[in-house]
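Contents: one structure, followed by commentary.
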Amino acid sequence: MPTYRREPSRLYRFIVGLVKVMAILTGLFALGLSSAYVAMQIAMEKDRVGVPRVVGLDSVAAGQLIREVGLASRVVAEEFSDKISKGRVTNQRPSSGSRAKIGTEVRLFLSRGTDQLEVPNVAGITLAQAQRSLAEAGLSLGPVTVIHSDAHARETIIAQDPRAGAAATRGTTVRLLQSLGPWEEMVTMPDLRGREMVTAINLLRELQVEVRVSFERSVSREGQVVAQDPPPGAHVRVGGQVTITVGD
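By our numbering, the letter at position 58 of the sequence shown is numbered 134, and the numbering carries on one by one without gaps.
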């Protein structure tokens with residue numbers, strides 16, 4: 077039995093043709109955009125140069141190299157660096173390898189050197205001297221603890237933390253131990269005025285202080301304490317000397 081092939085309709089052929097034309101136009105448009113982009117990039121690159129790497133160079137050499145390619149340079153900040161020596165470039169903006177318009181400013185960051193330093197020895201000196209020594213080294217004075225010590229003079233530094241010679245970051249706080257000198261037992265002076273001389277002497281002997289007696293003419297207070305040195309309430313070292321004045 078014979079088969080018959082139907083011819084595409086006129087509308088179908090029109091649609092197929094229209095799709096082909098649109099595809100061609102789309103391709104041409106994309107090609108045009110691509111060409112325009114490339115042309116724009118080429119035009120833009122005409123006044124652009126590669127940014128050189130200046131990290132590690134001193135500021136003078138870095139500035140000269142940057143100017144040679146048509147860019148400008150400016151030092152904007154300093155920062156500590158353990159790897160790059162003082163006065164050399166630690167960082168740059170824009171970064172090396174990027175492209176920048178001629179005349180663009182390259183911002184430079186210079187090294188201040190390491191922020192690690194050695195802790196000075198402040199043992200054996202006064203607190204004021206220790207504070208000055210720490211400040212000159214770039215460190216800060218921290219809490220100061222005081223104790224009595226038979227081996228260290230009063231007000232001198234006994235020990236420190238961190239220890240002398242240790243590595244520390246700039247600004248680190250250093251704690252100190254200060255001597256109050258040898259320990260001495262103290263007693264508080266009672267008010268002896270108006271007491272009989274014998275009573276006052278016995279009381280002072282119980283407090284383990286040495287008594288000196290002077291006399292002053294006083295008919296109304298004969299035999300009584302009329303004055304004392306140190307005065308009532310004062311602190312006296314055990315074994316120290318106290319003077320009482322008795323009316324005579």
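In this text, a Cβ means the ideal position worked out from N, Cα and C, and glycines have one as well.
In this text the structure is predicted, and so the values were computed from the model without any measurement.
Proximity to residue i [Cα-Cα], best of the options
| i | options | result |
| --- | --- | --- |
| Gln-192 | Gly-126, Gly-241 and Ala-176 | Gly-241 |
| Pro-128 | Ser-157, Glu-298 and Gln-168 | Gln-168 |
| Leu-147 | Met-265, Gly-257 and Gly-179 | Gly-179 |
| Val-145 | Gln-317, Ala-153 and Gly-173 | Gly-173 |
| Glu-261 | Thr-248, Gln-284 and Ala-276 | Gln-284 |
| Gln-205 | Ile-91, Ile-233, Arg-239 and Ala-229 | Ile-233 |
| Thr-221 | Glu-212, Phe-105 and Leu-203 | Leu-203 |
| Gly-309 | Ile-160, Ala-229, Leu-279 and Val-263 | Val-263 |
| Glu-194 | Gln-207, Ala-244 and Glu-212 | Ala-244 |
| Glu-286 | Leu-104, Phe-105, Gln-317 and Pro-307 | Gln-317 |
Distance CB(residue i)-CB(residue j) smaller than 8 Å
| i | j | result |
| --- | --- | --- |
| Gly-270 | Ser-294 | no |
| Arg-143 | Glu-181 | no |
| Ser-171 | Ile-223 | no |
| Val-312 | Met-265 | yes |
| Arg-175 | Gly-126 | yes |
| Gly-214 | Arg-246 | yes |
| Glu-282 | Gln-300 | no |
| Arg-251 | Asp-237 | yes |
| Val-136 | Leu-184 | no |
| Gly-200 | Ser-225 | no |
Backbone CA spacing between residue i and residue j [nearest angstrom]
| i | j | result |
| --- | --- | --- |
| Arg-124 | Glu-155 | 30 Å |
| Ser-296 | Val-302 | 10 Å |
| Val-97 | Lys-122 | 38 Å |
| Glu-231 | Arg-239 | 19 Å |
| Lys-177 | Ile-100 | 38 Å |
| His-228 | Val-274 | 40 Å |
| Gly-315 | Glu-298 | 28 Å |
| Ser-216 | Leu-280 | 47 Å |
| Leu-133 | Gln-140 | 10 Å |
| Lys-159 | Thr-249 | 24 Å |
| Thr-102 | Val-95 | 10 Å |
| Pro-307 | Glu-212 | 45 Å |
| Leu-104 | Ile-91 | 20 Å |
| Trp-259 | Asn-278 | 26 Å |
Cβ-based neighbour list, residue i, same chain, cut-off 6 Å, excluding 5 preceding and 5 following
| i | result |
| --- | --- |
| Ser-157 | Thr-166 and Ser-187 |
| Thr-319 | Arg-288 and Asp-305 |
| Thr-321 | Ser-290, Glu-292, Val-302 and Ala-303 |
| Ala-276 | Leu-268, Val-301 and Ile-320 |
Contacting residues, own chain, Cβ-Cβ under 7 Å from residue i (five flanking each side not counted)
| i | result |
| --- | --- |
| Lys-162 | Ser-187, Arg-188 and Gly-189 |
| Ser-209 | Pro-196 and Val-198 |
| Ala-138 | Val-130, Ser-149, Val-165 and Leu-184 |
| Gln-207 | Leu-217 |
Cβ-based neighbour list, residue i, same chain, cut-off 8 Å, excluding 5 preceding and 5 following
| i | result |
| --- | --- |
| Ala-235 | Ala-199, Leu-252 and Leu-253 |
Any non-hydrogen atom of the ligand ZN closer than 7 Å to residue i Cβ
| i | result |
| --- | --- |
| Ala-206 | With respect to small molecules bound, the structure shown includes none, and the ligand ZN cannot be examined in it. |
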